[in-house]
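Positions 235 to 296 (this note's numbering) are the ones given, in order, by the sequence shown.
Cβ atoms here follow ideal geometry from the backbone N, Cα and C, with glycine treated the same way.
Below is one structure, written out as C-alpha cells, with a few remarks after it.
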Amino acid sequence: MSELFGPGALRLSGHAAQLLGWRPGEFWAATPAELAAILRPGEAAGEALTRIDLNRLMEREQ
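Have a look at this one:
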C-alpha cells in the first residue's frame with residue numbers, strides 16, 4: 235500500500251461524514267465505486283421552475 239493511503243482515506247472519510255452524514259463504519263463498508271457514484275455530480279435537471287409554473291402546480295393540487 236502507498237504511504238498516501240492513510241491521508242487520502244482520512245480526507246475522504248471526513249468528506250463522507252460532512253456531506254453524507256456517514257459514520258466511520260458506513261464509510262469503511264462502502265466500496266470505492268459506491269462512494270464515487272454518490273459523490274459524482276448528477277445530470278442537469280433542466281430549467282428552474284418559475285413562479286408561474288409553481289402557482290399552476292399548486293392550483294392543480296387544490
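Three-state secondary structure (DSSP) of residue i
i: Pro275; result: coil
i: Ala251; result: helix
i: Ala264; result: coil
Span of the alpha helix (DSSP H) around residue i
i: Ala194; result: The displayed coordinates of the chain run from 235 to 296. Any statement about residue 194 would go beyond what the structure contains.
Nearest to residue i (by Cα), restricted to the options the options
i: Ile272; options: Leu238, Ala250 and Phe239; result: Ala250
i: Pro258; options: Ser247, Gln252 and Ala267; result: Ser247
i: Gly242; options: Gly255, Leu254 and Phe261; result: Phe261
Through-space distance from residue j to residue i, alpha-carbon basis
i: Arg245; j: Gln252; result: 11 Å
i: Gly276; j: Ala270; result: 12 Å
i: Arg281; j: Leu291; result: According to the sequence shown, residue 281 is Glu rather than Arg. Their backbone Cα atoms lie some 16 Å apart in a straight line.
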